[in-house]
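Student:
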Amino acid sequence: MDNRNTEEKPVQRSKSFSFKTQKEVCSSCEKTVYPMERLVADNQVFHSTCFCCKHCNTKLSLGSFAALQGEFYCKPHFKQLFKSKGNYDEGFGRKQHKERWATKETENITKTA
Numbered sequence: 001m002d003n004r005n006t007e008e009k010p011v012q013r014s015k016s017f018s019f020k021t022q023k024e025v026c027s028s029c030e031k032t033v034y035p036m037e038r039l040v041a042d043n044q045v046f047h048s049t050c051f052c053c054k055h056c057n058t059k060l061s062l063g064s065f066a067a068l069q070g071e072f073y074c075k076p077h078f079k080q081l082f083k084s085k086g087n088y089d090e091g092f093g094r095k096q097h098k099e100r101w102a103t104k105e106t107e108n109i110t111k112t113a
């Protein structure tokens, strides 16, 4: 009988493999996102249930959303909000660029006078 292999040796695991992973946090609810419920849109991580339209709160999918400055909309509301004012700024509740230019022009005039 051969006794050379009777004692068991510990199994060596790869040092690069680890069960510990960095916890990801949902951009909407700020709770932990687990891999099965993970959705990434515009480099932000969400739960699939938290990925909703800002205007109507409808659940979005990767094929049914439009993003503007870090905010997400369903495609129908994105088009509706754009068409309502004809530009992205005013339609989405922001100051128009032409108003910003007008304030800069008046500042330049007062500085040169």
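Take the sequence shown: its letter number 78 is residue 78 in full-length UniProt numbering, and every next letter is one higher.
By construction, the Cβ of each residue, glycine as well, lies at the ideal position given by its N, Cα and C atoms.
#1: Which term fits C56, buried or exposed, when burial requires 16 or more other beta carbons within 10 angstroms of its beta carbon?
#2: Quick check: E37 and S48, are their CB atoms within less than 7 angstroms of each other?
#3: With DSSP as the reference, please indicate the residues paired to E24 in a beta bridge.
#4: Throw me the rounded Cβ distance for the D42 and A67 pair, which I believe falls under 8 angstroms.
#5: Could you check what DSSP says for Q80 in three-state terms: helix, strand or coil?
#6: With DSSP as the reference, identify every bridge partner of Q44, one or two as the case may be.
Tutor: Let's see:
#1: Counting of Cβ neighbours within 10 angstroms places C56 among the exposed residues, the total staying below 16.
#2: By the CB criterion at 7 angstroms, E37 and S48 fall inside the cutoff.
#3: Assignment of beta-bridge partners to E24 by DSSP yields V33.
#4: In this structure, D42 and A67 form a Cβ contact; the two beta carbons are roughly 5 angstroms apart against a cut-off of 8 angstroms.
#5: Helix at Q80.
#6: A41.
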